[in-house]
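First the structure, in the form of structure tokens, and then the observations on it.
Residue numbers (the working numbering): 9 to 743.
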């Protein structure tokens, strides 16, 4: 294997696996702090040096080896913190294949977790003592979980390290399975080996120009490829310190992310496009005044469509904090390529192309600056590096496309993973694609050559784009994957959830897809009605059940529901739903709709609302409780302050108003006794509202509060009781 670490400042000439990598760091930089975790997004509660991580990994590995777990798969389920990092390396040190997974919320279905265990054939599950207590309480309803052997790694003593035996692993050894986020019924585990990881880590290091003096801040979840590889492994590879926080801490209070960048003098940080939007909307001028972003050299943006407006708004909003537009680093990648595929030049501003929108929809690229031609701004996501190639390929003819045509993005690289675990047919279709040999090759980026050096194999990404001057531009998706707030959602899973939500809905006759509304991806559901219900259809009831089911199972808000006449949904001759045709029909109004519902999204001044919300609970009023909306007819709704008496009624009224604002619906639509899920409340909105509420009450609130007290009435009653208890003991307000 090529040793990509030779160009590092310290010569790592014997590193061929991640085990070698951590062992090297533990020997050469033993006392260097590699990881800091901010418990509440603000307070440094725990840290790990390379030596401490090495010792913990050895202890966990020795215990796993004593159980005969080598070459088996182990599920990793951890709360935010550093325990997952130790467990991940413990698996690598034992020759165990790690399977990181999202921990489930208290009221969330564990079907996805069960599906991952079954697919990976995991016999072990690693977690913490506190989290296992919660999981065990659900064993009765989830027998597959009970059949798995559970280990708590925080109870493994470090003296186990003395028994560790270095495993027989090499660059081709499977390191972990990265389950792509989304599918609950048939999750796919991407097989990533040590060689894939080291190649991609070097690709990131060269692209980001990392040095041992670089500093990172990450809130991205370590169960996802960007959080694990970018936020945990890349800092170790570069020998630079990283500060971590939980995604919940960021969503509750977005300023925590930028404050950590400021406080820890971070040079590298980033996230999906929505994270930058959230900062623009939620961070106040007073909070901005405390930030110093002048050392932020690289602000990567990836995992979902990148919007030129977002880059411009963020750069303008935080210019006074020292942020430079040149720091933006649009990039592109996916789990199937370990992580990154392409990225820009570190010191140059993002490349934006204005193209004719109508022509682009026909897969042609025509530049235009004429506003009458409805130009679409597309942000470039950089170029390839090292020994990998990017091609734009016609998905039908399997031949390379010219620069003025949109095609599917194909990749050849040592970063490309083995394939999908136990899915040979899907692996062949996705990872072993070959060009049609026409004798002509063009529009290929990579290795400084415009000629294809081989006809394959290539990875078919399923994404559409074009190459111009070796810069890659993403235009859409060939596959049906829905990406909202950086998370993948498989439409077939959403469609199944919808069809099970109400008996009036016809099985196997629905489509889920995304549309862009006010610069954001929104979920649309079109669904046939069962014939016997056409004359007695209760539209409000059906829509409510759909929204609630999708919210609970997928943590998504539904933007629109179109209920169709029986036997009218577009299908292929073989009976498959034509999602793309459904999307076009929804947009142009050509579907046979019997009833519909659309959220009343409005372009409101969210920055103004955020500022007013922060003062909502601070202004002392002697008057009685006021109406929360100054003018219910005004689309730019303004909040009036609550009275100083933090009663159950006051909290409930605030929750009604803020939920209405976050969901862009009328407060009259909200019933305080209904569960939050009934309004399509997803996890990011719930956590964000919890953060607003905490600021208003002047206390810390657990981000899981909305699931522990799942209605406005229950939550308001709980908070009022806690507030009263603390006041009676003359304690500071805090929950």
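The C-beta atom is built at its ideal place from N, Cα and C for all residues, glycine as well.
Residue i by DSSP, collapsed to three states: which one?
{"i": "residue 409", "result": "coil"}
{"i": "residue 332", "result": "coil"}
{"i": "residue 253", "result": "strand"}
{"i": "residue 423", "result": "coil"}
{"i": "residue 176", "result": "coil"}
{"i": "residue 579", "result": "strand"}
{"i": "residue 318", "result": "helix"}
{"i": "residue 384", "result": "strand"}
{"i": "residue 99", "result": "helix"}
{"i": "residue 468", "result": "strand"}
{"i": "residue 719", "result": "strand"}
{"i": "residue 417", "result": "strand"}
{"i": "residue 713", "result": "helix"}
{"i": "residue 158", "result": "strand"}
{"i": "residue 41", "result": "strand"}
{"i": "residue 400", "result": "strand"}
May I have the straight-line CA-CA distance separating residue i from residue j, to the nearest angstrom?
{"i": "residue 101", "j": "residue 179", "result": "14 Å"}
{"i": "residue 350", "j": "residue 341", "result": "7 Å"}
{"i": "residue 420", "j": "residue 222", "result": "29 Å"}
{"i": "residue 489", "j": "residue 562", "result": "14 Å"}
{"i": "residue 371", "j": "residue 216", "result": "31 Å"}
{"i": "residue 601", "j": "residue 118", "result": "35 Å"}
{"i": "residue 539", "j": "residue 153", "result": "40 Å"}
{"i": "residue 316", "j": "residue 106", "result": "37 Å"}
{"i": "residue 598", "j": "residue 592", "result": "8 Å"}
{"i": "residue 26", "j": "residue 204", "result": "11 Å"}
{"i": "residue 30", "j": "residue 656", "result": "53 Å"}
{"i": "residue 432", "j": "residue 466", "result": "16 Å"}
{"i": "residue 274", "j": "residue 304", "result": "6 Å"}
{"i": "residue 729", "j": "residue 266", "result": "34 Å"}
{"i": "residue 683", "j": "residue 39", "result": "50 Å"}
{"i": "residue 112", "j": "residue 122", "result": "11 Å"}
{"i": "residue 630", "j": "residue 658", "result": "With a pLDDT of 32 at residue 630, under the threshold of 50, the modelled position of this residue cannot be trusted; read the value that follows with caution. If I take the Cα positions, the gap works out to 14 Å."}
{"i": "residue 718", "j": "residue 692", "result": "15 Å"}
{"i": "residue 379", "j": "residue 368", "result": "15 Å"}
{"i": "residue 247", "j": "residue 329", "result": "28 Å"}
{"i": "residue 747", "j": "residue 508", "result": "The question about residue 747 has no answer, for the chain in this structure spans 9 to 743."}
{"i": "residue 547", "j": "residue 603", "result": "7 Å"}
Where does the unbroken alpha helix (DSSP H) through residue i begin, and where does it stop?
{"i": "residue 53", "result": "Careful: residue 53 lies outside any alpha helix (DSSP H), inside the beta strand (DSSP E) at 52-57."}
{"i": "residue 1", "result": "Only positions 9 to 743 of the chain appear in the structure, and residue 1 is not among them; the question remains open."}
{"i": "residue 282", "result": "281-290"}
{"i": "residue 750", "result": "The requested residue 750 does not occur in the structure, where the chain is confined to residues 9 to 743."}
{"i": "residue 144", "result": "137-144"}
{"i": "residue 31", "result": "26-36"}
{"i": "residue 122", "result": "119-128"}
{"i": "residue 151", "result": "151-154"}
Let's see if you can read the secondary structure: which residues bound the beta strand (DSSP E) around residue i?
{"i": "residue 199", "result": "197-201"}
{"i": "residue 484", "result": "479-485"}
{"i": "residue 440", "result": "That residue, residue 440, is in no beta strand (DSSP E); it is neither H nor E in DSSP."}
{"i": "residue 245", "result": "Run containing residue 245: none in the beta strand (DSSP E); it sits in the alpha helix (DSSP H), 242-246."}
Per DSSP, residue i is paired with what?
{"i": "residue 391", "result": "351"}
{"i": "residue 220", "result": "According to DSSP, which records beta bridges pairwise, residue 220 is partnered with nothing at all."}
{"i": "residue 590", "result": "BP columns for residue 590 are empty, so no partner."}
{"i": "residue 492", "result": "495"}
{"i": "residue 528", "result": "525"}
{"i": "residue 307", "result": "277 and 336"}
{"i": "residue 604", "result": "570"}
{"i": "residue 187", "result": "197"}
{"i": "residue 585", "result": "579"}
{"i": "residue 687", "result": "Answer by DSSP bridge pairing: none, since residue 687 is not bridged."}
{"i": "residue 428", "result": "198"}
Using 8 Å for Cβ pairs, my map puts residue i next to residue j. What's the rounded Cβ distance?
{"i": "residue 103", "j": "residue 79", "result": "6 Å"}
{"i": "residue 724", "j": "residue 660", "result": "4 Å"}
{"i": "residue 171", "j": "residue 70", "result": "4 Å"}
{"i": "residue 699", "j": "residue 261", "result": "5 Å"}
{"i": "residue 417", "j": "residue 469", "result": "5 Å"}
{"i": "residue 132", "j": "residue 156", "result": "7 Å"}
{"i": "residue 225", "j": "residue 277", "result": "4 Å"}
{"i": "residue 282", "j": "residue 146", "result": "About 30 Å separates the two Cβ atoms, so there is no contact after all."}
{"i": "residue 497", "j": "residue 595", "result": "At roughly 20 Å, the Cβ-Cβ gap does not stay under 8 Å, so residue 497 and residue 595 are not in contact."}
{"i": "residue 135", "j": "residue 85", "result": "5 Å"}
{"i": "residue 54", "j": "residue 89", "result": "7 Å"}
Using a Cβ-based criterion (distance less than 7 Å to any ligand heavy atom), does residue i qualify as near the ligand ZN?
{"i": "residue 343", "result": "Of the ligands one can find in the structure shown there are none, so the ligand ZN has no counterpart to examine."}
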